[in-house]
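Novice: Below you will find the structure I want to go over with you.
Protein chains in written order, with our numbering: chain A, 1100 to 1368; chain B, 14 to 272; chain C, 110 to 399.
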């Protein structure tokens, strides 16, 4: 299911112009990271994808649906949105019930509901905690419950807003596994993140936003090596990319393996 | 965004310079006579000769008359209509509408009551427009109000816009999970649980962290507190307070004497 | 004479049976900068709360052993006096705003009002600390109108103004964007240079390597490794236990397994160390060529 954002502008009621003329297409199954400083318009943009915000100008298409014509509850069939703070959505007595809330709202059959909940529990490694009260879990695991509750909605498109904030290395690793699995299944994943290293290692496409506009949009390698433009939005290139740049490698590298491969061939030359 | 968290309007005026307690006394110095003095035109005279000029004295006439027309007038007007129509009694019948009778007496009574309410809300409005909440609380704490009490009042005033923002985020998050909050009434009622739950839980986490944060700054210290804000309490303030107190007493006595 | 001394400290949160901290022995010298690392749930925050006196005064439960700062133990002090010994700044900047004040200046002065500091001294100390934390230009703004990085610097200023002997920071940048992170670490760097005694729980290895004199790795409530940053942060056992590891270390270790990085060369933690290491390898190889 393709996403098509056409000349999108958005002005908040207080007069702030948060997006100006954003156009982009995201093909089915793409893994896209959106980066940029706070206030750049990242969250405003993704809130248009499931109808939480309506364009002041331009339009957004999710497949053949124009978001202006569908309610948020309806668009939830196509777009799952994991909010930044899990505490702003958890309300049930058990983890499993919390996960079932979304798919139940979508009216799935009992069998499908059960399969989806099991699958989400397994993807997030929450099986052992299925009967626990979400409020008794640590914030790290509460985040996983919030993610599982959206995974279980089985939408073709998933949005993550700052999924790594406050997470430790193990939890970030779990997230990377989930995103890889979603890629395998052909889902579209759009992630807002400040964690540029996480972005470099898990996303094929990177969009850099600043002042309500798209500054850069391309493959991770094309985008993350552009130190000067990234600096405009106060983002440093990823650690490994910086290492490559400092050592004068002719190719932009994003992961340790890539770095070593390029480093070795260039040393040998 | 959240720069304005109170009704306070910062201006240089004689009213702003008054001590908060003096202004608090002033509120009651207006309300008590308006309600108690048996002379019929008292509230009307107070409104025109004292409240309106005070708004100009405090240089908040713009804000005050804005609030007066949009908020106070409708409230007082509603009260006037209700009382005029529904208070029984009176000899001089002016009109009959359906089963209601409008008499001259009830009309006059309702008019005076509406003006009394007008005076009351106006005094509070003027007070809030010209008194910074921090100043009021610092002053009352200095006079012996427990610090915790003052904190709860101020923190509650400040937390309301934050709670609203939080509630909006929760609604957005649950709608994104397919929760229908827009269609029928019964669906909306059922949608309350997923909205209220996170609001309460989130607030509990916040309260715990905020308790740690203020404790890390010695909030429960038993030492006598000092105040960054210097709150003037001039002889003029003391004199005014005595005068106002005398007026309140006089209006009380007049009530007892003439009835 | 160490300024902080923990002896055989074990702590259980109320109604729990596994200790959140177990047999912690720790001495910190005046002016030392200690970084505490560990996965979530390893006891980092608990250690911070213990040092700051919130355990046992705010969180009940069972505390064994002694926690001493400047020769006095937490158990023998009350919390509102302890804040002059140990100041605490934690993750969420928003929840650290008192809610009782309308401007940044007033917010920072709040602690001094509570301690009964005379007004003239109060103003002078607030001005100094606003200058130091780089938020003097925000003095008249409402704390609620600021960005995360600015709010966190207000929280830091509000604690520093109390002039505590020891500053405890519990993942101060975990909820910041890159600019916020840089702003907050900028202030922490200044504190370190001034010789303040600091204990900081943190995940960001590159920053730790820049500031810390000593690193303590916590695992399941116990001190699992302790030593110089380079030595602890590059220890093989960290990755196995799910600790965060600097990508420079990961890269060098991978190079080691490919026979590219010599075993005797210390593994890098920071960009600079990695650059010089790999540059040396390249130079060595080009010299070795015929």
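Built from N, CA and C at the ideal position, the CB exists for glycine as well.
Locate the beta strand (DSSP E) running through residue 1258(A), then write down its first and last residues.
Specialist: Element bounds for residue 1258(A): 1256 to 1260.
Novice: Nearest to residue 223(B) by CA position, among 388(C), 299(C), 205(C), is which residue?
Specialist: For the residues 388(C), 299(C), 205(C), the minimum Cα distance to residue 223(B) belongs to 205(C).
Novice: I'd like to know if residue 33(B) contacts chain C, where contact means its C-beta is closer than 9 Å to some C-beta of that chain.
Specialist: Output row for residue 33(B): interface = no.
Novice: Tell me where the beta strand (DSSP E) around residue 328(C) begins and ends.
Specialist: Counting along the chain, the beta strand (DSSP E) containing residue 328(C) begins and ends at 323 to 328.
Novice: Does the ligand MN have a heavy atom nearer than 8 Å to the CB of residue 330(C)?
Specialist: In the structure on display, the ligand MN does not appear, and there are no ligands present to speak of.
Novice: Which ranges does the alpha helix (DSSP H) cover as unbroken runs of at least 4 residues, wholly within the region 1208 to 1235 of chain A, from first to last along the chain?
Specialist: Counting whole runs of 4 or more residues, the region 1208 to 1235 of chain A contains the alpha helix (DSSP H) stretches 1209 to 1222.
Novice: Is the distance from the Cβ of residue 1300(A) to the Cβ of residue 1223(A) below 9 Å?
Specialist: Not closer than 9 Å, so no.
Novice: Taking beta-carbon pairs under 8 Å, can you tell me which members of the region 1248 to 1260 of chain A lie near chain B?
Specialist: Result list: 1248, 1249, 1252.
Novice: Between which two residues does the beta strand (DSSP E) carrying residue 251(C) extend?
Specialist: No beta strand (DSSP E) contains residue 251(C), which DSSP labels as neither H nor E.
Novice: Residue 216(C) bridges to which residues according to DSSP?
Specialist: Paired residue(s): none; residue 216(C) is not in a bridge.
Novice: In terms of alpha-carbon separation, which member of 1158(A), 1201(A), 1179(A) lies closest to residue 1189(A)?
Specialist: That would be 1201(A), whose Cα lies nearest to the Cα of residue 1189(A).
Novice: Can you tell me where the beta strand (DSSP E) with residue 142(C) in it begins and where it stops?
Specialist: 142 to 146 is the span of the beta strand (DSSP E), which, as asked, contains residue 142(C).
Novice: Would you list, in chain order, the members of the region 196 to 222 of chain B that have their beta-carbon closer than 7 Å to a beta-carbon of chain A?
Specialist: From the region 196 to 222 of chain B, only 206, 207, 210, 211, 214, 215, 218 have a Cβ closer than 7 Å to chain A.
Novice: What residue range does the alpha helix (DSSP H) around residue 415(C) cover?
Specialist: Since the first residue shown for chain C is 110 and the last is 399, residue 415(C) is missing from the structure and cannot be characterised.
Novice: Just checking: is the beta-carbon of residue 1201(A) within a distance shorter than 9 Å of some beta-carbon in chain B?
Specialist: Residue 1201(A) counts as touching chain B.
Novice: Who are the near neighbours of residue 1193(A) in its chain, counting only those whose CB is closer than 6 Å to its CB and skipping five residues on each side?
Specialist: Contacts found: 1230.
Novice: State buried or exposed for residue 141(B), treating a residue as buried only when at least 16 other CB atoms are found within 10 Å of its CB.
Specialist: Under this definition residue 141(B) is a buried residue.
Novice: For residue 372(C), does the count of other Cβ atoms within 10 angstroms reach 16, so buried, or fall short, so exposed?
Specialist: Classification for residue 372(C): exposed.
Novice: Counting only beta-carbon atoms, is residue 376(C) nearer than 9 Å to chain A?
Specialist: Chain A contact via Cβ: absent.
Novice: Any beta-carbon of chain A closer than 9 Å to the one on residue 283(C)?
Specialist: Yes, because at least one Cβ of chain A sits closer than 9 Å to the Cβ of residue 283(C).
Novice: Using the Cα positions of residue 399(C) and residue 262(C), report the straight-line distance between them to the nearest angstrom.
Specialist: Confidence at residue 399(C) is low in this model, with a pLDDT of 42, below 50, so its placement is unreliable and the value that follows should be read with caution. Distance between the alpha carbons of residue 399(C) and residue 262(C): 57 Å.
Novice: Runs of 3 residues minimum, wholly inside the region 153 to 186 of chain C: which ones carry the beta strand (DSSP E) assignment?
Specialist: Qualifying beta strand (DSSP E) stretches, in chain order: 171 to 178.
Novice: Using a Cβ-Cβ cutoff of less than 6 Å, which residues in the same chain neighbour residue 1110(A) once the five nearest sequence positions on both sides are dropped?
Specialist: Around residue 1110(A): 1116, 1155.
Novice: Just the chain F side, please: which residues come within less than 7 Å of residue 147(B) by C-beta, in chain order?
Specialist: No chain F is part of this structure, whose protein chains are labelled A, B and C.
Novice: Strictly under 9 Å for the Cβ-Cβ distance: is residue 16(B) near chain A by that measure?
Specialist: Bear in mind that a pLDDT of 43 at residue 16(B), under 50, signals an unreliable position, so the number given afterwards is only what the model happens to contain. Not closer than 9 Å to any Cβ of chain A, the Cβ of residue 16(B) fails to qualify, so no.
Novice: From which residue to which residue does the beta strand (DSSP E) around residue 36(B) run?
Specialist: That residue, residue 36(B), is in no beta strand (DSSP E); its alpha helix (DSSP H) goes 33 to 49.
Novice: Once DSSP output is grouped into helix, strand and coil, what is the label at residue 238(B)?
Specialist: Looking at residue 238(B) - three-state DSSP - the assignment turns out to be coil, as it is neither helix nor strand.
Novice: Which runs of the beta strand (DSSP E) fall wholly inside the region 1127 to 1203 of chain A and span at least 3 residues, in chain order?
Specialist: Counting whole runs of 3 or more residues, the region 1127 to 1203 of chain A contains the beta strand (DSSP E) stretches 1130 to 1134, 1156 to 1161, 1178 to 1181.
Novice: Tell me which residue opens and which closes the alpha helix (DSSP H) that residue 126(B) is part of.
Specialist: First-last of the alpha helix (DSSP H) with residue 126(B): 117 to 143.
Novice: Judging by CA-CA distance, which residue of 126(C), 338(C), 225(C), 315(C) is the nearest neighbour of residue 155(B)?
Specialist: Nearest of 126(C), 338(C), 225(C), 315(C) to residue 155(B), Cα basis: 225(C).
Novice: Compute the distance between the beta-carbons of residue 128(C) and residue 330(C), then report whether it is under 9 Å.
Specialist: A contact, by the Cβ cut-off of 9 Å.
Novice: Does chain B have any CB closer than 9 Å to the CB of residue 222(C)?
Specialist: It does; some Cβ of chain B falls within 9 Å.
Novice: Which residues of chain A have a Cβ atom closer than 7 Å to the Cβ of residue 187(B), listed in chain order?
Specialist: Correct list: 1188.
Novice: If you compare alpha carbons, which of 29(B), 66(B), 270(B), 240(B) is closest to residue 145(B)?
Specialist: Minimum Cα distance to residue 145(B) is reached at 29(B).
Novice: Are the CB atoms of residue 167(C) and residue 228(B) within a distance shorter than 9 Å?
Specialist: Closer than 9 Å, so yes.
Novice: Taking only three categories from DSSP, how would you classify residue 120(C)?
Specialist: The answer is strand: DSSP assigns residue 120(C) an E or B state.
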